[in-house]
Structures are given as structure tokens and as C-alpha cells.
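Chemist: This structure is in C-alpha cells; I'll ask about it shortly.
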Amino acid sequence: MEELQNRLRAIPAIDRLLTEAGEREVLAAAPHGLVARVLRVVVDAVRSDIKNGKLRDTSAAALVDQAEAMLKKETEPKLRRAINATGVVLHTNLGRAPLSRRALDRMNEIAAGYSTLEYDTEKGERGNRHSHVTARICELTGAEDALVVNNNAAAVLLALSSLARGREVIVSRGQLVEIGGSFRIPEVLEQSGALMIEVGTTNKTSIRDYEKAIGANTAALLKVHTSNYRIVGFTAQPTDEELVDLARRHNIPLIEDLGSGALLPQEAGPWEEPTVKDRLSAGIDVVTFSGDKLLGGAQAGFIAGKKALLQHMACHPLMRAVRIDKLSLAATEGTLLDYMLGTAIKEIPTQRMLHTSLAELKKRAERLSGSIGQSGAKLRTEVVPIDSQAGGGTLPAVDFASFGVRLRMAGVSASELERKLRTGAVPVIARVQDDSVILDVRCLTEDDMGEVGKIVALFGEEA
Ligand SMILES: *Cc1c(COP(=O)(O)O)cnc(C)c1O
Numbered sequence: 046m047e048e049l050q051n052r053l054r055a056i057p058a059i060d061r062l063l064t065e066a067g068e069r070e071v072l073a074a075a076p077h078g079l080v081a082r083v084l085r086v087v088v089d090a091v092r093s094d095i096k097n098g099k100l101r102d103t104s105a106a107a108l109v110d111q112a113e114a115m116l117k118k119e120t121e122p123k124l125r126r127a128i129n130a131t132g133v134v135l136h137t138n139l140g141r142a143p144l145s146r147r148a149l150d151r152m153n154e155i156a157a158g159y160s161t162l163e164y165d166t167e168k169g170e171r172g173n174r175h176s177h178v179t180a181r182i183c184e185l186t187g188a189e190d191a192l193v194v195n196n197n198a199a200a201v202l203l204a205l206s207s208l209a210r211g212r213e214v215i216v217s218r219g220q221l222v223e224i225g226g227s228f229r230i231p232e233v234l235e236q237s238g239a240l241m242i243e244v245g246t247t248n249k250t251s252i253r254d255y256e257k258a259i260g261a262n263t264a265a266l267l268k269v270h271t272s273n274y275r276i277v278g279f280t281a282q283p284t285d286e287e288l289v290d291l292a293r294r295h296n297i298p299l300i301e302d303l304g305s306g307a308l309l310p311q312e313a314g315p316w317e318e319p320t321v322k323d324r325l326s327a328g329i330d331v332v333t334f335s336g337d338k339l340l341g342g343a344q345a346g347f348i349a350g351k352k353a354l355l356q357h358m359a360c361h362p363l364m365r366a367v368r369i370d371k372l373s374l375a376a377t378e379g380t381l382l383d384y385m386l387g388t389a390i391k392e393i394p395t396q397r398m399l400h401t402s403l404a405e406l407k408k409r410a411e412r413l414s415g416s417i418g419q420s421g422a423k424l425r426t427e428v429v430p431i432d433s434q435a436g437g438g439t440l441p442a443v444d445f446a447s448f449g450v451r452l453r454m455a456g457v458s459a460s461e462l463e464r465k466l467r468t469g470a471v472p473v474i475a476r477v478q479d480d481s482v483i484l485d486v487r488c489l490t491e492d493d494m495g496e497v498g499k500i501v502a503l504f505g506e507e508a
């Protein structure tokens with residue numbers, strides 16, 4: 046009993062530890078309050094261990110060592126970079142679209158100092174934040190006018206609130222979709238203050254269904270690109286011509302939530318996603334789309350279409366609540382410039398990943414497999430053909446053929462290996478398929494490849 050008291054008494058006082066901490070570079074530079082708190086946590090833990098009969102080194106040096114380690118860990122950034130070995134190009138949980146060099150450069154320049162965000166240098170007076178990208182979007186899509194907001198969800202909400210609050214919006218039952226958990230078309234409509242009029246059935250809606258629903262209180266027709274699923278089989282939707290004609294005859298706007306918002310005709314790839322330009326030239330009045338899906342830029346939402354309708358939205362009170370921040374805006378301009386200058390497929394990472402040839406993916410997988418294969422007898426690698434996905438609620442029915450490295454480690458289960466990969470200093474997110482870990486090479490940069498090779502090699506040494 047007395048010995049226990051003696052051991053507890055041997056723990057140095059916080060003041061003494063603070064003095065010791067002052068000798069350490071990291072601790073000396075940190076705010077006093079933070080250092081004191083960390084020291085108290087360490088001392089409390091040691092005290093409680095001792096009370097539980099454990100032997101602990103209670104020297105000031107040992108305790109301060111612990112405090113230093115704890116402070117370093119606590120102040121590490123929580124939002125960290127990760128390596129995407131899932132093959133899902135637009136992985137919402139992994140941040141969707143990595144940015145192009147040009148987008149990053151624009152963002153860096155604007156972030157570091159003051160900018161012309163809302164300043165017109167010609168007139169020497171207040172300018173418009175949208176003006177930096179409006180003309181570029183119009184040029185790329187043929188739109189009369191364009192707005193950019195926080196994300197596509199905000200774009201849809203703003204468009205509906207501004208055009209249809211307190212009035213009716215007609216939408217097909219086959220398009221009442223949910224996108225990524227919290228974005229459901231019926232709920233967004235409700236939030237906007239519009240009254241949803243559902244027409245048709247899940248699989249079939251005709252132009253007659255729309256026509257019958259139009260009344261004195263109809264504010265708009267809404268079309269939703271069912272970007273994350275497909276209804277196949279016995280299905281029907283009116284043609285674009287029918288919908289456009291109906292909207293024109295009744296003088297009501299036709300709005301389309303396009304979701305992904307491709308800017309390039311995608312004939313180069315094995316997929317088919319309508320471009321914004323196509324949709325506008327088909328006669329849709331207002332199109333909304335994301336900045337960080339197929340477009341491959343920063344998080345943003347675009348509204349493109351008829352000037353008269355967009356001007357209405359630009360002065361809506363919600364505009365302020367959904368406005369885009371200067372960093373995303375700067376990055377967005379960089380990405381749009383890549384499209385204008387013809388460097389999109391080469392320079393925008395997501396475009397590049399989606400366009401990588403199968404032969405190139407195979408070569409990459411062989412290289413990765415080779416670099417891992419030489420590291421430790423317990424690791425086994427094998428190059429395997431697999432399917433990867435676009436992700437981000439785009440191209441649902443399209444599997445992209447890809448190549449991956451199947452990774453096996455003697456005595457370690459696939460789920461344990463997958464956990465080891467994702468819990469390291471640089472998380473590597475892989476998938477488990479057929480009871481083995483697969484590293485899909487589609488989304489790995491050259492640097493990622495080297496890094497994954499090194500990380501896995503360390504596992505081989507540990508074993
Ligand atoms: C992804 C998507 C949204 C939401 O877009 P965010 O940019 O993620 O807000 C809305 N509608 C459709 C059809 C989508 O595919």
C-alpha cells in the first residue's frame with residue numbers, strides 16, 4: 046500500500062514536466078494550454094495504470110516523450126490524402142474528382158492573396174463573381190447564360206425555388222430518383238416550395254400524361270437524368286421533341302437535372318452520356334449539372350440555359366446561401382480552360398483515367414505486381430482482369446474493363462489485409478473480391494504506384 050503511494054508520489058508535478066517540455070522543440074513551439082492538457086492526460090493515464098498494479102516509467106523524460114507523441118498525433122491533419130485502388134473513378138467518399146494542374150494553379154494563385162472575385166477592374170467598381178466562368182460555360186455548351194453555385198443539389202434547389210415556388214412542377218414517376226442518400230427529387234421539390242405533380246408510372250410515361258397534368262398553376266416540367274440507375278425492358282418516356290413542343294405550346298420552362306454534365310462527346314469511350322450542349326440544343330430551357338462528376342473539376346453546380354430564366358435565379362435570396370466559394374470558382378475556371386484549350390482528356394485526371402486503354406492498364410498492373418512480387422516470400426501477387434466503374438452516380442450500366450493486382454499474404458485474411466492497407470499513414474483503399482484483395486490500377490498515378498509498392502513491401506518485411 047505504502048509502496049503504491051510512493052510510486053504515485055514519484056510522478057513529477059505538471060510544472061516540472063512543463064519545464065522539461067520547454068526543452069523539446071515540438072512542445073516548446075506549441076501553445077502552453079495544449080501542452081499542459083496533453084501532459085495531464087499522460088499523467089492521469091500513468092496514475093491509473095499504477096493504481097491497477099502496472100509498472101510504469103515515471104521519469105519526467107519518459108512522460109514528456111509520451112506527451113510529445115500524443116501531441117504530434119493529435120495535431121496531424123484529419124483530412125488526409127488517400128490512394129484510390131478501388132477503380133471507381135468518381136468515388137464520392139474519396140473526394141470525387143482530383144484536379145488538373147491548371148485548376149490547381151488557378152486555385153493556388155487565388156487562395157494566396159486578394160483577387161478580382163467581385164471586382165470589375167475596367168469600371169473600378171463592384172463586379173460579379175459568376176462573370177469569370179459564365180462566358181466559358183456558354184462557349185462550351187452553347188448556352189445563352191450560365192450560373193455557378195455550390196453543387197448540383199444547390200443548382201436544382203435554386204432553379205426550382207426561383208421558377209416554381211408555390212406552383213406546380215410536373216415530373217415523371219420513372220424519374221423520382223434518389224442520388225447519394227440525401228438528395229431525393231421529391232424532397233428537393235418539397236424544399237423548393239414547389240408542388241410535385243407525378244405523372245405516368247415507374248416504367249412508362251407518355252406525353253399525354255404530361256399534357257393532362259398541365260393546368261393554370263403549372264410552373265415547369267422537370268426532367269431528371271436517372272444517372273445512377275437504369276430501367277430496362279418494357280419502358281417508355283416521351284421524346285425530347287415531344288417534351289420541348291409541349292413546354293413551348295404552354296409557355297412553361299422545361300428544366301433538366303442532368304447530374305453528371307459531360308462537356309465532351311464521349312464517343313471515344315465505351316459509354317454514352319448526353320452532353321450539356323446536346324441537351325440545350327435539343328431545346329431544354331434550363332440544364333443543371335455537377336462540376337465534380339464527369340466534368341472533372343472542383344465541387345460546383347452549374348445552371349445553363351435561357352437568360353431570362355437565369356436572371357431570375359441570379360437575384361433569388363437563396364443565391365447567397367448557395368454561392369460558390371472563391372477557391373472552387375478558381376479551380377472551376379482552370380478546369381473549364383482545359384476544355385476550351387483542348388487539354389481536357391490529357392490533363393484532367395478523371396478524364397484521363399476514364400480514357401486509359403486496356404493495354405496500358407495491363408502494363409501498369411504488371412509493373413505494380415512486379416514491384417510487389419520482389420518483396421517478401423509471404424506476399425503473392427497476380428495480375429487479373431476486372432471491371433471498374435465510373436462512380437459518382439454516373440454511367441450506372443457501364444463497367445469499364447480494367448486490370449488489377451490480386452494480393453495475397455500467407456496467414457493474413459483478405460479482410461485483414463484490406464484493413465492494413467486502409468489504416469496506414471497513407472490510406473490505400475482497395476476492394477475485396479472473391480476473398481482476395483484487388484488493387485485496381487485505373488485510378489493510380491505514377492506516384493501512387495510507387496507508393497503502393499513500398500507500402501505493401503513493408504507488409505512483406507513485417508511478416
Ligand atoms: C449527382 C447528382 C445530383 C447531385 O449533384 P451534386 O453535385 O453532388 O450536388 C443531382 N442530380 C443528379 C441527377 C445527379 O446525378
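Under this note's numbering, the first residue of the sequence shown carries the number 46, and numbering increases by one thereafter.
For every residue, glycine included, the Cβ atom is placed at its ideal position computed from N, Cα and C.
How many Å lie between Met266 and Gly306 at the Cα?
Modeler: Walking along the sequence shown from the start, residue 266 turns up at place 221. Walking along the sequence shown from the start, residue 306 turns up at place 261. At residue 266 the sequence reads Leu, which differs from the Met that was named. Approximately 19 Å, taken between the alpha carbons.
Chemist: Are the stretch 367–375 and the stretch 132–146 touching by the rule of at least three beta carbon pairs closer than 8 Å?
Modeler: No: the two stretches stay apart, fewer than three of their Cβ pairs being nearer than 8 Å.
Chemist: Applying the 10 Å Cβ sphere with the 16-neighbour rule, what's the burial state of Thr395?
Modeler: Residue mapping note: residue 395 aligns to position 350 of the sequence shown, counting from 1. Counting Cβ neighbours within 10 Å, Thr395 comes out buried, since at least 16 surround it.
Chemist: Taking 6 Å as the cut-off, does the CB of Ala198 come closer than this to any heavy atom belonging to ligand 3?
Modeler: Absence of ligand 3 is noted for the structure shown, with ligand 1 being the only ligands found.
Chemist: Applying the criterion that 16 or more other CB atoms from any shown protein chain within 10 Å of the CB defines a buried residue, is His77 buried or exposed?
Modeler: As a working note, residue 77 is residue 32 in the sequence shown. Exposed is the call here.
Chemist: Mind checking whether the beta-carbon of Gly304 lies closer than 6 Å to any heavy atom of ligand 1?
Modeler: Translated into the one-based positions of the sequence shown, residue 304 becomes position 259. Correct: Gly304 has its Cβ closer than 6 Å to ligand 1.
Chemist: Using C-beta distances below 7 Å, list every residue in its chain close to Asp432, excluding the 5 sequence neighbours before and after it, in chain order.
Modeler: Taking the first residue of the sequence shown as position 1, residue 432 is located at position 387. These residues qualify, in order along the chain: Asp444, Phe445, Ala446 and Ser447.
Chemist: For ligand 1, any of its heavy atoms closer than 6 Å to the Cβ of Phe228?
Modeler: Looking up residue 228 in the sequence shown gives position 183. Yes, the Cβ of Phe228 comes within 6 Å of a heavy atom of ligand 1.
Chemist: Between the alpha carbons of Ser61 and Ser93, how many angstroms are there, rounded?
Modeler: Locating residue 61 in the sequence shown gives position 16, where the first residue counts as 1. Locating residue 93 in the sequence shown gives position 48, where the first residue counts as 1. Here residue 61 turns out to be Arg, not Ser, going by the sequence shown. Whole-angstrom Cα-Cα distance: 20 Å.
Chemist: Do Ala410 and Val473 have their C-beta atoms closer together than 7 Å?
Modeler: To locate residue 410, count along the sequence shown from 1; it is residue 365. To locate residue 473, count along the sequence shown from 1; it is residue 428. In this structure, Val473 does not lie closer than 7 Å to Ala410 by Cβ.
Chemist: Please classify Cys360 as buried or exposed, where buried requires at least 16 other C-beta atoms within 10 Å of its C-beta.
Modeler: On the sequence shown, position 315 is the one that residue 360 refers to. So Cys360 ends up on the exposed side.
Chemist: In angstroms with no decimal places, state the Cα-to-Cα distance between Val516 and Cys488.
Modeler: Absent from the model: residue 516. The displayed extent of the chain is 46 to 508, so no value can be given.
Chemist: Can you give me the Cβ contacts of Arg397 inside the same chain, cut-off strictly under 7 Å, excluding the 5 residues immediately before and after it?
Modeler: Counting from 1 along the sequence shown, the entry for residue 397 is found at position 352. Counting only Cβ-Cβ distances below 7 Å, and skipping sequence neighbours, we find Ile390 and Lys391.
Chemist: Using 10 angstroms around the beta-carbon of Asp492, count the other beta-carbons present and answer buried if the total reaches 16, otherwise exposed.
Modeler: By one-based count along the sequence shown, residue 492 stands at place 447. Its Cβ having fewer than 16 others within 10 Å, Asp492 is exposed.
Chemist: Say yes only if the C-beta of Ser335 is nearer than 6 Å to one or more non-hydrogen atoms of ligand 1, and no if none qualify.
Modeler: Along the sequence shown, one-based indexing puts residue 335 at 290. Yes, ligand 1 has a heavy atom inside 6 Å of this Cβ.
Chemist: What's the call for Asp330, buried or exposed, on a 16-neighbour Cβ count within 10 Å?
Modeler: Your numbering for residue 330 matches position 285 in the sequence shown. With 16 or more Cβ atoms within 10 Å of its Cβ, Asp330 is classed as buried.
Chemist: The beta strand (DSSP E) with Glu235 in it runs from where to where?
Modeler: Residue 235 sits at position 190 when you count from the first residue of the sequence shown. Element bounds for Glu235: not the beta strand (DSSP E) but the alpha helix (DSSP H), Ile230 to Ser237.
Chemist: I'd like to know whether the C-beta atoms of Ser207 and His400 end up nearer to each other than 7 Å.
Modeler: Reading the sequence shown from its first residue, position 162 is the one you call residue 207. Reading the sequence shown from its first residue, position 355 is the one you call residue 400. Contact flag unset, no.
Chemist: At what residue ranges does the stretch 339–400 contain a whole run of the beta strand (DSSP E), taking only runs of 3 or more?
Modeler: Counting only runs of 3 or more, we get 346–350.
Chemist: Report the residue from Gly387, Ile128, Thr263 and Ala74 whose alpha carbon sits nearest the alpha carbon of His295.
Modeler: Taking the first residue of the sequence shown as position 1, residue 295 is located at position 250. When each option's Cα is compared against that of His295, the closest is Thr263.
Chemist: For Ala81, which residues of its own chain have a beta-carbon under 8 Å away from its beta-carbon, when the five flanking residues on both sides are left out?
Modeler: In the sequence shown, counting from the first residue as 1, residue 81 sits at position 36. Excluding positions up to five away in sequence, the list reads Ile59 and Leu63.
Chemist: For His136, verify whether its CB is less than 6 Å away from any heavy atom of ligand 1.
Modeler: For the purposes of this step, residue 136 is identified with residue 91 of the sequence shown, where counting begins at 1. Checking the Cβ of His136 against ligand 1 gives no.
Chemist: Bridge partners of Phe448, per DSSP?
Modeler: As a position in the sequence shown, residue 448 is number 403, starting the count at 1. DSSP output for Phe448 lists Pro430 as bridge partner(s).
Chemist: Which first and last residues belong to the alpha helix (DSSP H) in which Phe504 is found?
Modeler: Here residue 504 is taken as the residue at index 459 of the sequence shown, counted from 1. First-last of the alpha helix (DSSP H) with Phe504: Glu491 to Glu507.
Chemist: With H, G and I counted as helix, E and B as strand and the rest as coil, what does DSSP make of Ala58?
Modeler: For the purposes of this step, residue 58 is taken as the residue at position 13 of the sequence shown. Coil, per DSSP.
Chemist: For ligand 1, is there a heavy atom less than 6 Å away from the beta-carbon of Ile417?
Modeler: Along the sequence shown, one-based indexing puts residue 417 at 372. The answer is no for Ile417.
Chemist: Considering only the alpha carbon of each residue, which of Thr468, Ala204, Phe228 and Pro283 lies closest to Leu355?
Modeler: Taking the sequence shown and counting its residues from 1, one reaches residue 355 at position 310. Checking every option, the nearest Cα to that of Leu355 belongs to Ala204.
Chemist: Could you say if the stretch 475–486 and the stretch 120–127 meet the contact criterion of at least three C-beta pairs nearer than 8 Å?
Modeler: Contact between the stretch 475–486 and the stretch 120–127 is absent, because fewer than three Cβ pairs lie under 8 Å.
Chemist: Do you know whose CA, among Ser326, Glu154, Pro122 and Arg147, lies nearest Asp285's CA?
Modeler: Stepping through the sequence shown from its first residue, residue 285 is reached at position 240. The residue with the shortest Cα to Cα distance from Asp285 is Ser326.
Chemist: Check whether the stretch 363–370 touches the stretch 159–166, taking contact to mean three or more Cβ pairs, one atom from each stretch, closer than 8 Å.
Modeler: Taking 8 Å as the limit for Cβ pairs, the verdict is that the stretch 159–166 does not touch the stretch 363–370.
Chemist: Helix, strand or coil, according to DSSP, for Gly304 in the structure here?
Modeler: The residue given as residue 304 occupies position 259 in the sequence shown. Here Gly304 sits in strand by DSSP.
Chemist: Tell me which residues share the same chain as Leu53 and place their Cβ nearer than 7 Å to its Cβ, disregarding the 5 neighbours each side in the sequence.
Modeler: The residue given as residue 53 occupies position 8 in the sequence shown. Once the five neighbours on either side are set aside, the close Cβ partners of Leu53 are Arg92 and Ile95.
Chemist: Run through DSSP, which three-state label would Ala265 get?
Modeler: Residue 265 sits at position 220 when you count from the first residue of the sequence shown. Note: Ala265 maps to strand in three-state DSSP.
Chemist: Rounded to a whole number of angstroms, what is the C-alpha to C-alpha distance between Arg229 and Arg174?
Modeler: As a working mapping, residue 229 is identified with position 184 in the sequence shown. As a working mapping, residue 174 is identified with position 129 in the sequence shown. Between Arg229 and Arg174, the C-alpha separation is close to 29 Å.
Chemist: To the nearest whole angstrom, what separates the beta carbons of Ala475 and Ala130, a pair I think is in contact under 8 Å?
Modeler: Here residue 475 refers to the residue found at position 430 when the sequence shown is read from its first residue. Here residue 130 refers to the residue found at position 85 when the sequence shown is read from its first residue. Between Ala130 and Ala475 the Cβ distance is about 4 Å, and since that is below 8 Å, they are a contact.
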